[in-house]
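Before any comments, here is the structure.
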Amino acid sequence: MIDRYSRPEMANIWSEENKYRAWLEVEILADEAWAELGEIPKEDVALIREKADFDIDRILEIEQQTRHDVVAFTRAVSETLGEERKWVHYGLTSTDVVDTAYGYLYKQANDIIRRDLENFTNIIADKAKEHKFTIMMGRTHGVHAEPTTFGLKLATWYSEMKRNIERFEHAAAGVEAGKISGAVGNFANIPPFVEKYVCDKLGIRAQEISTQVLPRDLHAEYFAVLASIATSIERMATEIRGLQKSEQREVEEFFAKGQKGSSAMPHKRNPIGSENMTGLARVIRGHMVTAYENVSLWHERDISHSSAERIITPDTTILIDYMLNRFGNIVKNLTVFPENMIRNMNSTFGLIFSQRAMLTLIEKGMTREQAYDLVQPKTAQSWDNQVDFKPLLESDPEVTSRLTQEEIDEIFNPVYYTKRVDEIFERIGLGD
1 MIDRYSRPEM ANIWSEENKY RAWLEVEILA DEAWAELGEI PKEDVALIRE
51 KADFDIDRIL EIEQQTRHDV VAFTRAVSET LGEERKWVHY GLTSTDVVDT
101 AYGYLYKQAN DIIRRDLENF TNIIADKAKE HKFTIMMGRT HGVHAEPTTF
151 GLKLATWYSE MKRNIERFEH AAAGVEAGKI SGAVGNFANI PPFVEKYVCD
201 KLGIRAQEIS TQVLPRDLHA EYFAVLASIA TSIERMATEI RGLQKSEQRE
251 VEEFFAKGQK GSSAMPHKRN PIGSENMTGL ARVIRGHMVT AYENVSLWHE
301 RDISHSSAER IITPDTTILI DYMLNRFGNI VKNLTVFPEN MIRNMNSTFG
351 LIFSQRAMLT LIEKGMTREQ AYDLVQPKTA QSWDNQVDFK PLLESDPEVT
401 SRLTQEEIDE IFNPVYYTKR VDEIFERIGL GD
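Numbering of the sequence shown is given in the numbering used here, commencing with residue 1 and proceeding in unit increments.
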């Protein structure tokens with residue numbers, strides 16, 4: 001992944017140095033397991049633990065000849081050892097090392113993502129509570145519907161992220177796995193004890209059954225969950241973009257002193273952070289498709305998945321880490337304009353209270369059809385002539401014969417639409 005969208009902690013997990021360190025740890029732990037079984041002298045394993053090392057340039061040099069990265073790695077490691085070198089890669093196939101090391105690296109990456117998710121969700125929770133009763137316009141199909149609150153909008157984000165966290169924990173457990181079962185997964189040349197020993201030491205689980213590789217449906221699910229998280233962020237970002245349009249300006253991304261919005265138009269303040277989230281979400285969803293393509297391998301294994309995973313694994317985890325942190329800062333520092341929310345709500349002449357007018361008339365004895373047929377023409381008259389809806393009700397004898405002025409006034413009170421907010425917040429775990 002390019003540096004622009006990389007945070008150092010996550011990027012370092014996928015560095016060549018860290019990858020080879022993980023490979024080496026798998027190799028050494030496998031030898032320790034063999035020693036526990038009495039198959040390898042413990043003193044040789046102690047020497048391997050003490051002396052085994054590698055030089056990345058040397059690995060790449062050997063790979064130019066072998067055209068096989070794991071063979072190049074094991075030979076480079078062997079060059080740092082004495083007679084004990086014969087136990088390096090003993091009983092293993094390449095993917096025993098690579099897939100198990102990947103499981104260990106996934107665990108490291110998932111620890112960061114898990115922390116990111118918690119921090120991000122807490123930011124949303126705080127902002128939702130702050131604007132719990134900030135009244136604004138609810139829109140369906142892009143058209144004014146009925147009043148809601150900005151806090152409720154944020155609460156839907158919070159609930160969605162809680163679901164994402166649940167999905168992530170399940171998917172993360174799937175990829176935090178190893179396999180040391182040999183060339184076709186039947187443990188012909190290595191006992192299951194070695195697999196369990198290595199995986200236990202790495203803090204990952206031993207996959208219950210495998211071929212030469214871990215089953216890639218596990219990885220497909222993982223990338224699908226990361227795509228869901230990215231898509232959730234995109235949904236939130238799209239909301240901010242919509243609310244920041246000049247004619248609405250209900251929220252605005254923080255705009256720093258000295259920041260520039262356009263090379264041509266000095267007045268511009270664009271929601272570039274949210275737009276950035278939209279673009280990166282598209283990339284991650286593309287990687288999800290690749291992960292699904294990697295499931296169907298030939299027989300016990302081919303390497304068609306390998307080249308793809310070298311790209312999508314670091315890139316997707318790095319991007320998710322970046323998105324959660326950047327968008328978290330956007331939400332945390334978001335400027336909210338309650339006065340503009342009220343102004344926009346009042347811009348449609350009170351038509352947003354049409355359902356409440358209809359229901360109130362039903363409560364006063366009209367049938368639903370009668371109430372609907374009375375209210376709808378008045379909404380059309382209001383909209384077509386750009387006049388307030390309320391006076392049209394007040395001037396109709398059918399209305400005034402049933403409703404007092406106080407009851408009509410109450411129809412147009414937006415606070416009415418906040419009466420269940422506390423209950424909703426309680427339902428999703430955001431109660432005081």
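Ideal Cβ positions, reconstructed from N, Cα and C, are used throughout, including at glycine.
Residue pairing for residue 147: DSSP places it in a beta bridge opposite 137. In this structure, the CA atom of residue 36 is about 8 Å from the CA atom of residue 42. Pairwise C-beta distances place the region 122 to 136 out of contact with the region 209 to 217, as fewer than three of them are shorter than 8 Å.
Annotated as proximal: residue 26 and residue 100, with beta-carbon spacing under 9 Å. Per the coordinates, the alpha-carbon of residue 337 lies some 33 Å from the alpha-carbon of residue 166.
Scanning its chain for C-beta atoms nearer than 8 Å, with the 5 sequence neighbours on each side dropped, one finds around residue 421 the residues 132, 133, 149, 151 and 152, in chain order. Residue 53 sits close to residue 24, with the two beta carbons spaced by under 9 Å. Beta-carbon to beta-carbon, residue 206 and residue 196 are separated by about 5 Å, close enough to satisfy the 8 Å threshold. Remark: C-beta atoms of residue 430 and residue 396 do not approach each other more closely than 9 Å. Distance from the CA atom of residue 343 to the CA atom of residue 350, rounded to whole angstroms, is 12 Å. For residue 193, same chain residues with a beta-carbon under 7 Å away, outside a window of 5 residues either side, are 33 and 37 in chain order.
By the C-beta density criterion, residue 364 is exposed, having fewer than 16 other C-beta atoms within 10 angstroms. Counting along the chain, residue 345 sits inside the alpha helix (DSSP H) bounded by residues 338 to 345.
DSSP, read as helix, strand or coil, puts residue 415 in helix. Residue pairing by DSSP places residue 155 opposite no residue, since no beta bridge is assigned to it. By the neighbour-count criterion, in which 16 or more other beta carbons inside 10 Å mark a residue as buried, residue 116 falls on the buried side. Distance from the CA atom of residue 415 to the CA atom of residue 238, rounded to whole angstroms, is 27 Å. Within the region 381 to 430, the complete alpha helix (DSSP H) segments at least 4 residues long are 389 to 394, 397 to 400, 405 to 411 and 421 to 427, listed from N- to C-terminus. Within the model, the alpha-carbon separation for residue 214 versus residue 30 is close to 17 Å. Distance from the Cα of residue 168 is smallest, within the candidate group 186, 155 and 225, for 225. Sorting 56, 358, 186 and 424 by C-alpha distance to the C-alpha of residue 399 places 358 at the top.
Our two residues, residue 296 and residue 182, have alpha carbons roughly 20 Å apart in a direct line. When DSSP states are grouped into helix, strand and coil, residue 251 belongs to the strand group.
DSSP, read as helix, strand or coil, puts residue 335 in strand.
For residue 287, the enclosing alpha helix (DSSP H) has its first and last residue at 272 to 293. Only buried fits residue 204, as 16 or more other CB atoms lie within 10 angstroms of its CB. The C-beta distance from residue 127 to residue 154 rounds to 5 Å, short enough to meet the 8 Å contact threshold.
Counting along the chain, the unbroken alpha helix (DSSP H) around residue 196 starts and ends at 192 to 202.
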